[in-house]
Structure formats: C-alpha cells, structure tokens
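Contents: one structure, followed by commentary.
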Amino acid sequence: MCKYGISIGLLFIGLATVSCRQEEGGLQRMEQVIHFYIQNPQGGDLLNPNDSLGYANRVNFVDLNADRLDVQIGEVTPQIDEGGKNYLEYTAGATRVLVDSVKDQKKYISDFVIKYQNREGDTKSMSNDTLHVAYLWSPSIFRISEILLNRKKITEPTVGSPSKVVITK
C-alpha cells in the first residue's frame with residue numbers, strides 16, 4: 001500500500017514540475033497572488049479574529065465564471081503581514097476565461113464576488129464587492145495585468161510581489 005502512495009506522490013511531483021516548464025526548458029514564473037486587506041474608514045483591521053465586530057471567518061469569495069451558481073473559491077487563506085495586519089491571500093481557484101490569444105501571448109480573466117456574512121443581531125450589513133482580474137500569459141510568465149474592484153481600476157500589479165487590494169467598508 002505504501003509503495004503505491006510513494007509512486008503516486010512521485011508522479012504528482014513530476015507532473016507539477018513538467019506543467020510549469022517552458023518549451024525551452026526553463027520555468028514559467030507565476031505571479032497571480034493577491035493580498036486582500038479589509039478595513040474600516042479609520043484604517044482599522046476588519047479581519048482581526050479577536051474583534052467581535054470584525055469579519056474574520058465571515059468573508060467568502062464566489063466564482064462568477066463557474067459552470068454552477070455559488071461556487072466558492074477555496075484557495076483563499078487568512079494571513080498576517082509583518083506589521084501585524086490581517087489579510088486574505090488569494091492564490092488561485094477562480095475560473096479563468098480565455099478572452100484573447102495571439103501566438104505567444106494570451107489574456108485571461110476571472111470574475112468573483114466577495115460576500116460578507118453578518119452575525120446574528122448585526123444591524124449594519126456590508127455590500128458585496130465584485131472583482132475582475134485580468135491575467136497575461138506568455139511562455140516565460142503568467143501574471144496579473146489588471147485588477148478592478150466594483151468596476152474601478154484599483155491597483156497596478158507589482159512585478160515580483162503579490163498584488164495588494166485594500167477594501168474600505
């Protein structure tokens with residue numbers, strides 16, 4: 001039994017390595033990580049798990065391009081930055097739709113909704129946010145090229161580091 005588990009594990013590692021290779025044999029860089037900070041107008045951290053009025057564990061990302069309704073994106077994890085501020089890290093998971101393709105370059109988009117769940121007895125509800133992410137693919141890199149929050153361009157992705165999105169509620 002253990003022999004099969006090791007074989008399957010090695011096969012998975014081999015496939016993962018090959019899937020990121022370029023035709024020339026180099027690795028394709030992947031720059032698709034987004035850090036979501038959610039704060040109040042005073043800059044207070046609404047993702048702080050110790051804040052009873054915050055939204056820690058009550059934020060869901062729902063894929064708008066999925067083939068079914070209400071498909072949640074699972075690759076969103078809570079993190080804390082060097083300054084002690086909480087954020088949600090999106091690494092992947094939303095459906096990507098190919099919208100343009102030229103020989104060595106492709107453009108994909110993903111659309112999702114950020115839903116905020118109220119606690120029982122909450123008198124204030126937060127409106128959902130929509131996010132549009134555009135990606136560019138080339139043989140050497142797959143990266144975010146643009147992020148729109150509620151149809152407004154909010155950030156220029158930084159090459160070599162995660163994109164940062166600050167949502168004020």
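So in my numbering the end of the sequence shown lands on 169, straight run, no missing numbers.
A virtual CB, placed ideally from N, CA and C, is assigned to each residue, including glycine.
Just so you know, these numbers come straight off a predicted model, no measurement behind them.
- Shortest alpha-carbon distance to residue 37 belongs to which of 88, 129, 131, 140? In the sequence shown, the residue the question calls residue 37 occupies position 37. Nearest of 88, 129, 131, 140 to residue 37, Cα basis: 88.
- Query: Taking residue 103 as the reference, which of 153, 138, 66 has the closest Cα?
  - Reply: Against the sequence shown, residue 103 aligns to sequence position 103. Taking only the C-alpha atoms, the option nearest residue 103 is 138.
- Rounded to the nearest angstrom, how far is the Cβ of residue 95 from that of residue 66, given a contact under 8 Å? Mapped onto the sequence shown, residue 95 falls at position 95. Mapped onto the sequence shown, residue 66 falls at position 66. Sure, about 5 Å apart at Cβ, within 8 Å.
- Are there 16 or more other CB atoms within 10 angstroms of the CB of residue 159, so buried, or fewer, so exposed? If you number the sequence shown from 1, residue 159 lands on position 159. Classification for residue 159: exposed.
- If we call anything under 8 Å between Cβ atoms a contact, is residue 167 one with residue 155? Taking the first residue of the sequence shown as 1, we reach residue 167 at position 167. Taking the first residue of the sequence shown as 1, we reach residue 155 at position 155. No.
- Task: Rank 140, 61, 69 by C-alpha distance to the C-alpha of residue 78 and give the top, closest one.
- Result: On the sequence shown, residue 78 is found 78 positions in, with the first residue counted as 1. Ranking 140, 61, 69 by Cα distance to residue 78 puts 61 first.
- Unbroken beta strand (DSSP E) run spanning residue 28, endpoints: Within the sequence shown, residue 28 is the residue found at index 28, counting from 1. No beta strand (DSSP E) contains residue 28, which DSSP labels as neither H nor E.
- Task: Would you give the residue range spanned by the beta strand (DSSP E) that residue 89 belongs to?
- Result: As a first step, residue 89 is located in the sequence shown; it is residue number 89 there, counting from the start. Start and end: 86-90.
- Assigned secondary structure, residue 153 (DSSP; H/G/I helix, E/B strand, else coil): Within the sequence shown, numbered from 1, the residue matching residue 153 stands at position 153. Strand at residue 153.
- Indicate the three-state DSSP secondary structure (helix, strand or coil) for residue 68 in the structure shown. Reading the sequence shown from its first residue, position 68 is the one you call residue 68. Of the three classes helix, strand and coil, the one that applies to residue 68 here is coil, per DSSP.
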